[in-house]
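K.L.:
First residue of the sequence shown? That's 3 in the working numbering, and the numbers climb one at a time after it. Encoded as structure tokens, here's the structure I'll be asking about.
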Amino acid sequence: MTEHEPITIETGLENLARGYRIVAANGHLEATLGHLSWRDPEGRGLWMKCQEIGLDEVEAGDLHLIDWDGNVLDGSNGHRHSEWPIHAAVFHARADVHCIGHTHPMHCVLFSATNEKLVGIGHNGSYFGGKVQVFEKTLALVRTMEDASVMAEALGDAWAVLLRNHGVTFCGTSIEHCVIMGIAIEQACKEQLVMNSSGLDWQWKVNNGLKDEAILYPRIVTNLWRYHNRKLDRAEGRS
Ligand SMILES: [Zn+2]
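Laid out in structure tokens, this is it:
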């Protein structure tokens, strides 16, 4: 997996804003709902967008710094998202994680309502190594550290956890890794829903001995991140 490399706050916020717009273009857009966060490199808390802005609209100036108690310290004056504890709980539980996403993409939401276990049919599913659990303490918004900590427990050492009838939380060792895992989890849920709907007999990839590291090694994460950035620039008329 991509190792965390220290970057300046300015670069981090620009990458985080682009990460928002990239996941928005890849199935995660639900108007203003959902959020990505980045661990503040100075240890003060986490950066995420304010409530008023759509995922596809985020610029660096729409981000604000929230401390571990939920106070907004710096950045945008917009309203704080009520589900900020999701991010704080995962950052507390996982020292290896530097970026987290929580969104409600269609195929993750549909999959989260089933009793099916997510497995790897193709590459996208196998990145998660058969470790994706479902958090089901509440079907409502996760607004307290108590609920968020239970969700972080369900995440364990995986890169994603589904939230029953709600959505998904995904993470990574860097902004680029998190964004790629977010795109992959939505695609993996879609693949398995389509496969199950087909009625065909099928087998899963992880069960056949293929580990996630065999496919998604750091250079591939970087290649995918750069590709999605070029695609974003084309879509936004910058190239
Ligand atoms: Zn939510």
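The beta-carbon is built from N, C-alpha and C at its ideal position, and this holds for glycine as well.
Measuring only the C-alpha atoms, how far is GLU44 from GLY80?
P.N.:
The sequence position of residue 44 within the sequence shown is 42, counting from 1. The sequence position of residue 80 within the sequence shown is 78, counting from 1. Distance between the alpha carbons of GLU44 and GLY80 is about 22 Å.
K.L.:
Evaluate ASN126 with the Cβ neighbour count: other Cβ atoms within 10 Å of its Cβ, from every protein chain shown; 16 or more gives buried, anything less gives exposed.
P.N.:
Against the sequence shown, residue 126 aligns to sequence position 124. ASN126 should be labelled buried.
K.L.:
What are the start and end residues of each continuous alpha helix (DSSP H) run of 4 or more residues lying completely inside the stretch 63-105, in chain order?
P.N.:
Listed in chain order, the complete alpha helix (DSSP H) runs (minimum 4 residues) inside the stretch 63-105 are 86-95.
K.L.:
Taking Cβ to Cβ, would you say HIS94 is nearer than 8 Å to TRP40?
P.N.:
As a working mapping, residue 94 is identified with position 92 in the sequence shown. As a working mapping, residue 40 is identified with position 38 in the sequence shown. The answer is no: Cβ separation not under 8 Å.
K.L.:
Quick check: what's the CA-CA separation for ALA26 versus ASP58?
P.N.:
Within the sequence shown, residue 26 is the residue found at index 24, counting from 1. Within the sequence shown, residue 58 is the residue found at index 56, counting from 1. The straight-line gap from Cα to Cα measures roughly 5 Å.
K.L.:
If we call anything under 8 Å between Cβ atoms a contact, is GLY21 one with ILE217?
P.N.:
Residue numbering aside, residue 21 sits at position 19 when the sequence shown is read from its first letter. Residue numbering aside, residue 217 sits at position 215 when the sequence shown is read from its first letter. Taking 8 Å as the Cβ cut-off, GLY21 and ILE217 do not qualify as a contacting pair.
K.L.:
Would you mind working out which of ALA160, ARG236, VAL74 sits nearest VAL92, comparing C-alpha positions?
P.N.:
If you number the sequence shown from 1, residue 92 lands on position 90. Of ALA160, ARG236, VAL74, the residue nearest in Cα terms is ALA160.
K.L.:
Could you compute how far the alpha carbon of LEU75 sits from the alpha carbon of TRP49?
P.N.:
Counting from one through the sequence shown, the residue named residue 75 turns up at place 73. Counting from one through the sequence shown, the residue named residue 49 turns up at place 47. Roughly 10 Å between the two C-alpha positions.
K.L.:
For chain B, check one thing: does any of its Cβ atoms lie closer than 8 Å to the Cβ of LEU202?
P.N.:
Going by chain labels, chain B is absent from the structure shown, which holds only one protein chain.
K.L.:
Is GLU249 near ligand 1, in the sense that its beta carbon is under 7 Å from a heavy atom of that ligand?
P.N.:
In the structure as shown, the chain starts at 3 and stops at 241, and residue 249 therefore has no counterpart that could be examined.
K.L.:
Take every Cβ of the stretch 155-175, pair it with every Cβ of the stretch 133-147, and state whether three or more of those distances are shorter than 8 Å.
P.N.:
Yes: the two stretches touch, three or more of their Cβ pairs being nearer than 8 Å.
K.L.:
At 4 residues or longer, and completely inside the stretch 128-205: list those alpha helix (DSSP H) runs for me, N to C.
P.N.:
If we require 4 residues or more, the alpha helix (DSSP H) runs fully inside the stretch 128-205 come out as 147-157, 177-200.
K.L.:
Please state the DSSP three-state secondary structure of ARG2.
P.N.:
With the chain running from 3 to 241 in the structure shown, residue 2 is simply not present.
K.L.:
Counting C-beta neighbours from all protein chains within 10 Å, is the total for PRO107 16 or more, i.e. buried, or is it exposed?
P.N.:
As a first step, residue 107 must be located in the sequence shown, where it is residue number 105. Buried, since its Cβ has 16 or more Cβ neighbours within 10 Å.
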